[in-house]
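Participant: If you read the sequence shown in UniProt numbering, its first letter stands for residue 1, the second for the next number, and so on.
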Amino acid sequence: MDVNELFWQASIEDIKKGYVEETAYFTCLLCGERIEKGIIYPYEGVLYEAEKFMQHHITSAHHSVFHYLNGLNKKMTGLTDHQSHIMRLFYEGHTDQEIKERLDIGSATTIRHHRFTLKEKERQAKTFLAMMELLKEKDQKEDHFIPIHKTATMVDDRYNITLSEEQELLEKYFPKGIGQELTRFPKREKHKIIILRAITKLFDKTKQYTEKELNEAIQPMYEDYVQIRRYLIEYGFMDRTDDGSAYWIK
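As structure tokens, this is what we get:
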């Protein structure tokens, strides 16, 4: 299962841990790294069983689940940049007075107001989640939306795409199958998302590609491979080094 889909389907408890337990693996919800069960993993003179090694991976690769989530696009978190910054300082254990001095704002009372506002958002989020769960139980025939990739640079109505709509459009644009010749590159934003999402799945998320390798992979699908390559970066599906010498799934 795609890591973004796995993330959005995970329980709150699993998201807090940063990984889910599957039959033979522990899978990181933040990057898709998989740790096989039943194997002892040595690292810097210490031996780890699989789950402990996954926890070590979370810390070494992502600092913490909190820091990873806090760094997501504000459309994902619902927080302003200022609120995200203050939450990070709260999480790191700074006192109200220390935060006041660090941010050079009014008074410690202002910080306490931010704490209250965040608690209010928590209560609203709990109520909303409960309502959504009840709604899903009521309407079992609901057509689910495609999961938004967590590195999306723009989150808006262009992601208003159901799974059935995605399948229909993929058959239209890739009549010979995904990875084969693309009939045309669409102008509509939501259609672009569907095409770019499908192309992204053709690449190995653990590998870095040279620009030449990326071009050679895209060109059989669409002659203007430079346009596709640019959109993969622009829409947050891929990232690259500053000099363009290496590309990878973001």
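Quick reminder that beta carbons are idealized off the backbone N, C-alpha and C, glycines included.
Since this is a predicted model, take the numbers as computed values, not measurements.
If contact is defined by three or more beta carbon pairs under 8 Å, each pair taking one atom from either stretch, is the region 69-80 in contact with the region 41-57?
Facilitator: Output reads no: the region 69-80 does not touch the region 41-57.
Participant: Starting from residue 238, follow the beta strand (DSSP E) in both directions and report where the run begins and ends.
Facilitator: Per DSSP, residue 238 belongs to the beta strand (DSSP E) from 238-240.
Participant: Can you tell me the Cα-Cα spacing of residue 136 and residue 144, whole angstroms?
Facilitator: If you take the alpha carbons of residue 136 and residue 144, they lie about 10 Å apart.
Participant: Would DSSP call residue 173 helix, strand or coil?
Facilitator: Helix.
Participant: Tell me the DSSP secondary structure of residue 251 in three-state form.
Facilitator: An answer regarding residue 251 cannot be provided, because it is not within the stretch 1 to 250 covered by the chain.
Participant: Do residue 237 and residue 200 come within 7 Å of each other at the CB atom, strictly closer than that value?
Facilitator: Contact flag set, yes.
Participant: When burial is assigned at 16 or more other CB atoms within 10 Å of the CB, is residue 91 buried or exposed?
Facilitator: So residue 91 counts as exposed.
Participant: So residue 39 is in the beta strand (DSSP E); what residue range does that whole segment cover?
Facilitator: Segment: none, residue 39 is in no beta strand (DSSP E) and carries neither H nor E.
Participant: The beta strand (DSSP E) that contains residue 206, what's its start and end?
Facilitator: That residue, residue 206, is in no beta strand (DSSP E); it is neither H nor E in DSSP.
Participant: Taking just the CA atoms, how far does residue 216 sit from residue 61?
Facilitator: Roughly 30 Å between the two C-alpha positions.
Participant: Between which residues of its own chain and residue 110 is the CB-CB distance below 8 Å, once the five residues before and five after are set aside?
Facilitator: Same-chain partners within the cutoff: 100.
Participant: Round the Cβ separation of residue 255 and residue 73 to the nearest angstrom and send it over; I've been treating them as touching at under 8 Å.
Facilitator: Missing from the structure shown is residue 255; the chain here goes from 1 to 250 and no further.
Participant: Cβ of residue 43 within 6 Å of any heavy atom in the ligand MG?
Facilitator: Absence of the ligand MG from the depicted structure is noted, as is the absence of any ligand whatsoever, leaving it without description.
Participant: Can you tell me where the alpha helix (DSSP H) with residue 195 in it begins and where it stops?
Facilitator: 189-200 is the span of the alpha helix (DSSP H), which, as asked, contains residue 195.
Participant: For residue 182 versus residue 235, is the C-beta spacing smaller than 7 Å?
Facilitator: No, the pair does not count as a contact, with Cβ atoms beyond the cut-off.
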